[in-house]
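Numbering (this note's numbering), first residue to last: 72 to 318.
In this text, a Cβ means the ideal position worked out from N, Cα and C, and glycines have one as well.
Please read the structure below before turning to the comments.
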């Protein structure tokens, strides 16, 4: 495995990343909740970028993968800060953001902040506002009281150990909601969603579609695809969608 480079943010967090040099607009992959930059989609996009001679960036948020910090210390706003800091530090010119799951939420926050540096958006099982509209919504009164009292609870996960959910994560997520007002995206947007996704309801994809203001916005449902969206056909569709946005 090639060792990553590191970027130190103004907040003192050390972000691990891999940068592929090439032509622009560049492509940036933003991973999901408790995921890292060594996932199937990130590596498939990197291989495509190298073959296409395209600039590409993948990285780990703080508390994820090879970056500094503990996962339980982080939250949506800080992970968005990590993403913005490394993007501004190591990329040049416009970038197409590819956001997977939570990365779709992070992308929406960055698009509001980065303006013309964003040249397009591809959402893969994008999960904006999930801390409020999924996690908090689905907690019962006992769990909510325990979270408020103890500052942390654990939720079961299909991907390994239970997820530690902190009061900080929920409260910060509430301050960073993006589906409560229109999202201005004046560039090509492609949203990809599997119908067998057990983590992100298909209504989330429809809500995101309805909320985006733009002239070139498409949502594609893939029958039978799950949340990972990483089999051969899904990866081919992801790459095709990125190429469409770049074109």
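Collapsing the DSSP output to three states places residue 192 in a strand. Contact annotation, residue 293 with residue 193: C-beta distance approximately 14 Å; criterion of less than 8 Å not satisfied. Bounds of any beta strand (DSSP E) do not take in residue 82, whose DSSP letter is neither H nor E.
When the alpha-carbon of residue 309 is set against those of 277, 90, 151 and 260, the nearest one is in 260. Listed in chain order, the non-local C-beta contacts of residue 87 below 7 Å within the same chain comprise 75, 77, 130, 131, 136, 137 and 138, local neighbours out to five positions each way being set aside.
Assigned with DSSP and collapsed to three states, residue 171 falls in strand. Cβ neighbours of residue 110 within its own chain (closer than 7 Å, five residues either side excluded): 102.
Between the segment 240-249 and the segment 142-153, the count of C-beta pairs closer than 8 Å reaches three or more; the two stretches touch. If you ignore the 5 residues before and after residue 144, its C-beta comes within less than 7 Å of the C-beta of 134, all in its own chain and listed in chain order. Within its own chain, the residues whose Cβ lies closer than 6 Å to the Cβ of residue 191, once the five positions on either side in sequence are excluded, are 167, 258, 259 and 316, listed in chain order. Rounded to whole angstroms, residue 142 and residue 318 show a C-alpha spacing of 37 Å. Distances from the alpha-carbon of residue 200 to those of 100, 104 and 303 put 104 closest. When Cβ pairs closer than 8 Å are counted between the two stretches, the segment 201-220 is seen not to touch the segment 112-125, the count staying below three. A straight-line Cα-Cα distance of about 27 Å links residue 272 and residue 152.
For residue 111, the enclosing alpha helix (DSSP H) has its first and last residue at 111-123. When DSSP states are grouped into helix, strand and coil, residue 95 belongs to the strand group.
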